[in-house]
Amino acid sequence: MTTKKRVAILISGRGSNMTALVEAARDPAYPAEIVGVFSNRADAPGLQYAWLAGIPTAVRSHKDFASREAFDAEIQSILDGWKAELVCLAGYMRILSHGFAQHWTGRMLNIHPSLLPLFKGLNPQQQALDAGVRESGCTVHWVIPDLDNGPPVLQRRVPVLPGDTADTLAARILAEEHVAYPQALAMVARGEASL
Ligand code: GRF
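Counting in my numbering, the sequence shown runs from 644 upward without gaps.
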């Protein structure tokens, strides 16, 4: 078997997509391994799962750094320490510095709970309800310096149902995110998708 791609995951919170990636990577045939989880918040619930799973974790607060660039340089050195080849953003809530995004362009993915290019930014599920669309979903996309504008790797669709709230729609989309992200990462790790 060819060598697995070394993947680092950046989180800020719950970490359910991170968990989906870690679980997928338990399969010996999966083409990627999760070599570290970074969080910018010490209280991110996802950290505990990563720790219990035996995955190296690192936490830094931007408050301890003079600039966005300095903070991202620290993350870069952590990723270098893990010898990461790919980065997956999974609910990572900090804007990336241009230099960091540039460095990882073509090797960094994000997941967003809408069918991009629709409903970029915050609260995309509420945006979908407000727009009255009949269908929404999630997008795994390449991260480029221009936030939320990287090309999609794959999308999965869900219906918007009568009576949906942002929470019920988010839950339906999240179930598809947990399928989409492992699939997309596998495609990228195998070289079947590239920027
Ligand atoms: C997900 O809906 C993801 O699409 C968005 O932030 C949420 C993170 O959830 N970018 P989790 O931390 O992976 O559970």
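Don't be surprised by glycine CBs; every beta carbon is placed ideally from N, CA and C.
What you are looking at is a predicted structure, and each value in this text was computed from that prediction instead of being measured.
| Asked | Found |
| --- | --- |
| Roughly how many angstroms lie between the CA atoms of Pro802 and Lys763, to the nearest whole one? | 18 angstroms |
| Should Ile738 and Arg703 be called a contact, given that it needs their Cβ atoms to be closer than 9 angstroms? | no |
| With a Cβ-Cβ cutoff of 9 angstroms, do Val783 and Ala818 count as a contact? | no |
| Quick one: residues in its chain with C-beta nearer than 6 angstroms to the C-beta of Ala733, no 5 flanking neighbours on either side, listed in chain order? | Ile652, Ile654, Asn660, Met661 |
| Hey, would you say the C-beta of Glu820 is under 8 angstroms away from at least one heavy atom of the ligand SAH? | Among the ligands present in this structure, namely the ligand GRF, the ligand SAH is not found. |
| Does the Cβ-Cβ distance between Ser757 and Cys731 come in under 9 angstroms? | no |
| Per DSSP, which one or two residues make a beta bridge with Ile654? | Ser682 |
| Which of the three DSSP states, helix, strand or coil, is assigned to Ala696? | coil |
| Assign His755 to buried or exposed, taking buried as 16 or more other Cβ atoms, counted over all protein chains shown, within 10 Å of its Cβ. | buried |
| Any residue with its C-beta under 5 angstroms from a non-hydrogen atom of the ligand GRF counts. Can you list them all in chain order? | Gly656, Arg657, Gly658, Ser659, Asn660, Ala733, Gly734, Ile754, Pro756 |
| Under three-state DSSP, which class holds Leu732? | strand |
| Name the one or two DSSP bridge partners that Glu717 has. | Answer by DSSP bridge pairing: none, since Glu717 is not bridged. |
| State the DSSP-derived secondary structure class of Trp725, mapped to helix, strand or coil. | coil |
| Taking the straight line between their C-alpha atoms, what separation do you get for Leu664 and Ala727? | 15 angstroms |
| Let me check understanding here. Comparing Cα to Cα, which of Gln768, Gly689, Ser837, Tyr824 lies closest to Leu804? | Gln768 |
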